[in-house]
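Take a look at the structure below.
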């Protein structure tokens, strides 16, 4: 699909709608979880027509919720246990759950469910995490996100401090037994701890026993090292507005969110000193300022001996927004050297090594063309197969219909290869082979046809067929989005009604049963699912909170509606729904003091763009200016406390924090007696023998006694 190093090939295993994760069962079978609730089975590179398990009706599947993770038991051959992470709809509320099922043959009876962990908050629709892996210690590890917005109402995204709550299963890595029990070696057991597996939380001040590590934002995927003798793993934690990070899984570790992001203070690219006591920095992080790669996803360690020896010890990770897979190589001293391994792989979601007909290979899932499972592997032959790409125009119209086919986007990874193109038109006519990348064909009879293109190189290597559907004798429907209009703007929490009008030349007016809506959420140069495919008309959605304050100038909803006629021909219309924005200014009296807005410190005055209705945390902390004068909070112009929340209004507003100077106490503050001494020595002049040494930079100054200070 994309560009790879020499000696590697990338091939399609199966088209799978919205694949979220995969797991390998004995016999080369692959289980694939899909967002909308179906657990699918791939066997011998063929997708089974029926789902192994379909949880769709019981799930929340909008935004990034749904069936998010799958794992098989280490003793699967004997017990058939399959573990899944899903977002359940419970009394109108969405909650994440870890369940165990029993698979028999190629199916799972839903009645075999054993709930292991329940009630995990899923407040805003995203930051669910959902990865599942067994460690070599025999325990099941589970990644859980911070739920996007605080389950306790404390704020969203960068302002969401729920990961700091050790009494709640959010922003954590969990470790449990195969029956949901607590391993005795977990970091928090005994007095002051409690089980949280029924409701996702316990009493504040009490720590959840399921927690293995904490302080994470959206630990989207974990990767366990097959080369390690014990349980060793990395956590890929999706960042907010500044950093993406890879963390080493450590018992009891606090990775710092939402105090830290990557190796720095939350939201900063420069405040990157050592982490506060008790917090752990990532083993690797990359900045959003470097490129358009802004969302780390799946990761995998290369099993030693699987690929050329130069890959031993390497770690691979994908980035959803830029469609690349990167390679990290150990560089000594605990550092890593990064290089691009694969480009053009689409919206990659998951990486995992597993068996293939040629031995171990890297499997990855993406959301390209609706969803794919693909495989990257080494090839012993110098010649690599080409990739076929096919477009056709027109695909509908009255017969006879002459269709122009174009395969010019096809490619071969080996420079200089001569390509030939074999066209099959699907109407019973003989295939046609050409050296040109384009051709045409006339369809004389109305019907539905599937045309295909296979590309071969001079060495005889053939691509997988590329296909396109055609409907001569039929005309596509027309569809128009009526609401929202292009001029509508929406406040946070406002209801948006989706209405369309569709007609078809053959069928006439199409009712709501022929309409399917889908909504994507655009943020920071990438998209998130927002509304799962929904049939009907006058569908309603609610304008969400922005992911962060920076979304005020770039976030929006992309609304898609697809109208399908009685013969399956479809037309899609798209419209963007933009938020109603407002400029918020922050000032101080006296001028020049600092304030904290949505977790980021700003020197005033500053003007920021928000969405109307967006809830923002603000703070006016005590501070010291450049001349050493201390300032204490006195009041906000809106009457709020030093730290409080504001709801972004509909009109531009200025918020002013007033400070008062805190004077130094009267009289002598301190006296220090020193004896002159060379270097950093500090002899105690009191005679008590409490000598010391100065650390860091030193300087000399004239004092009352020689070159001493007093």
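Residue numbers (the numbering used here): 30 to 739.
Heads up, the beta-carbon is just placed ideally off N, CA and C, and yes, glycines get one too.
Only a predicted model underlies this, so the values are computations on that prediction, with no experimental measurement involved.
Handout entry: Reduced DSSP category for residue 397 - H, G, I as helix; E, B as strand; rest coil
Key = Helix.
Practice task
Please report the Cβ distance between residue 231 and residue 242, rounded to the nearest whole angstrom; I am assuming they are in contact, meaning their Cβ atoms lie under 8 angstroms.
Solution key: That belief does not hold up - the Cβ atoms of residue 231 and residue 242 are roughly 18 angstroms apart, past 8 angstroms.
Practice task
Write down the C-beta distance between residue 269 and residue 187 rounded to the nearest angstrom, noting that I regard them as a contact closer than 8 angstroms.
Solution key: Yes, they are in contact, since the Cβ atoms of residue 269 and residue 187 sit about 5 angstroms apart, within 8 angstroms.
Handout entry: Exposure label - residue 124; buried when at least 16 CB within 10 Å
Key = Residue 124 sits buried, since 16 or more C-beta atoms from the chains shown fall within 10 Å of its C-beta.
Practice task
Tell whether a beta-carbon distance below 7 angstroms holds between residue 303 and residue 289.
Solution key: No, the Cβ-Cβ distance between residue 303 and residue 289 is not below 7 angstroms.
Practice task
Please check the pair residue 70 and residue 77, which I expect to be a contact at CB under 8 angstroms, by giving their CB distance rounded to whole angstroms.
Solution key: By a beta-carbon distance limit of 8 angstroms, residue 70 contacts residue 77. Their separation comes to about 4 angstroms.
Exercise for the section: Compare the C-alpha of residue 157 against each of 117, 56, 425 and 683 and name the closest. Expected result: Of all alpha-carbon atoms in 117, 56, 425 and 683, the one lying nearest the alpha-carbon of residue 157 is that of 117.
Exercise for the section: Output the boundary residues of the beta strand (DSSP E) element that contains residue 465. Expected result: Run containing residue 465: none; DSSP gives neither H nor E here.
Exercise for the section: Output the distance between the C-alpha atoms of residue 500 and residue 596, rounded to the nearest integer angstrom. Expected result: A direct Cα-Cα distance of roughly 8 angstroms separates residue 500 from residue 596.
Handout entry: Residue closest to residue 673, alpha-carbon to alpha-carbon, out of 661, 566 and 686
Key = Taking only the C-alpha atoms, the option nearest residue 673 is 686.
Problem - Sequence-distant residues of the same chain with beta carbon closer than 7 angstroms to residue 108, five excluded per side - result: Only 102 meet the Cβ criterion.
Practice task
Give the DSSP bridge partners of residue 251, in chain order.
Solution key: According to DSSP, which records beta bridges pairwise, residue 251 is partnered with 264.
Handout entry: Alpha-carbon spacing of residue 272 relative to residue 607, whole angstroms
Key = When only Cα atoms are considered, residue 272 and residue 607 end up about 26 angstroms apart.
Problem - Euclidean distance between Cα positions of residue 46 and residue 398 - result: So the alpha carbons of these two residues sit roughly 9 angstroms apart.
Handout entry: Inter-residue spacing [alpha-carbon to alpha-carbon] between residue 135 and residue 574
Key = Straight-line measurement puts the Cα of residue 574 at about 42 angstroms from the Cα of residue 135.
Exercise for the section: With a threshold of 16 other CB atoms inside 10 Å of the CB of residue 9, please say whether the residue is buried or exposed. Expected result: For residue 9 there is no data in the structure shown, the boundaries of the chain being 30 and 739.
Handout entry: Nearest to residue 401 (by Cα), restricted to the options 384, 75, 162 and 211
Key = Selected option, being the one with the closest Cα: 75.
Practice task
Specify whether the segment 147-161 and the segment 169-180 touch according to this definition: at least 3 beta carbon pairs, one from each stretch, less than 8 angstroms apart.
Solution key: Taking a contact to require three or more Cβ pairs closer than 8 angstroms, the segment 147-161 and the segment 169-180 qualify as touching.
Problem - Residues near residue 385 by beta carbon distance below 7 angstroms, same chain, minus five either side - result: Cβ-Cβ distances below 7 angstroms link residue 385 to 404 and 406 in the same chain, with the five nearest sequence neighbours on each side left out; the list follows chain order.
Problem - Under the three-state DSSP convention, the category residue 291 falls into - result: Residue state, collapsed to three classes: coil.
Practice task
Give the DSSP-derived three-state secondary structure of residue 219 in the structure shown.
Solution key: DSSP places residue 219 in coil when its eight states are reduced to three.
Practice task
Return yes when the Cβ of residue 652 is within less than 7 angstroms of the Cβ of residue 623, no when it is not.
Solution key: Pairing residue 623 with residue 652 gives a Cβ-Cβ distance under 7 angstroms.
Exercise for the section: Confirm, please, whether the CB-CB distance from residue 576 to residue 551 is below 7 angstroms. Expected result: No; because the gap between Cβ atoms is not below 7 angstroms, this pair is not in contact.
Exercise for the section: Please work out which residues of its chain come closer than 6 angstroms, Cβ to Cβ, to residue 440, disregarding the five sequence neighbours upstream and downstream, and give them in chain order. Expected result: So the list reads 416, once near-sequence residues are dropped.
Exercise for the section: Just mark residue 558 as buried or exposed, buried being the case when its beta carbon has 16 or more other beta carbons within 10 Å. Expected result: Answer is buried; the Cβ neighbour count reaches 16.
Problem - Spatial distance of residue 421 from residue 496 (CA atoms) - result: Roughly 10 angstroms between the two C-alpha positions.
Problem - residue 203 versus 164, 41 and 184, residue with shortest Cα-Cα distance - result: Nearest of 164, 41 and 184 to residue 203, Cα basis: 164.
Problem - Residue range of the alpha helix (DSSP H) that includes residue 106 - result: That run of the alpha helix (DSSP H) goes 105-108.
Handout entry: Secondary structure of residue 191, DSSP reduced to three states
Key = Residue state, collapsed to three classes: helix.
Problem - Minimum C-alpha distance to residue 274 - residue among 92, 316 and 659 - result: Taking only the C-alpha atoms, the option nearest residue 274 is 316.
Practice task
Give a yes or no on whether the C-beta atoms belonging to residue 324 and residue 555 are separated by under 7 angstroms.
Solution key: The answer is yes: Cβ separation under 7 angstroms.
Practice task
Evaluate the contact criterion for the segment 351-368 versus the segment 247-261: three or more CB pairs, one atom per stretch, below 8 angstroms.
Solution key: Three or more beta-carbon pairs separated by less than 8 angstroms are not found between the segment 351-368 and the segment 247-261, which leaves the two stretches without contact.
Exercise for the section: Pick helix, strand or coil for residue 167, following the three-state DSSP scheme. Expected result: Of the three classes helix, strand and coil, the one that applies to residue 167 here is coil, per DSSP.
Practice task
Below 6 angstroms CB to CB, which residues in the same chain sit around residue 358 once its five sequence neighbours on both sides are set aside?
Solution key: 343 and 366.
Practice task
Grab me the residues of residue 278's own chain with a C-beta within less than 6 angstroms of its C-beta, minus the 5 sequence neighbours each way, in chain order.
Solution key: Only residues of its own chain outside the window of five on either side were considered, and among them 262 and 264 have a CB closer than 6 angstroms to the CB of residue 278, listed in chain order.
Exercise for the section: Count the C-beta pairs between the segment 33-44 and the segment 77-93 that are closer than 8 angstroms, then say yes if the count reaches three, no if not. Expected result: The segment 33-44 vs the segment 77-93: no contact.
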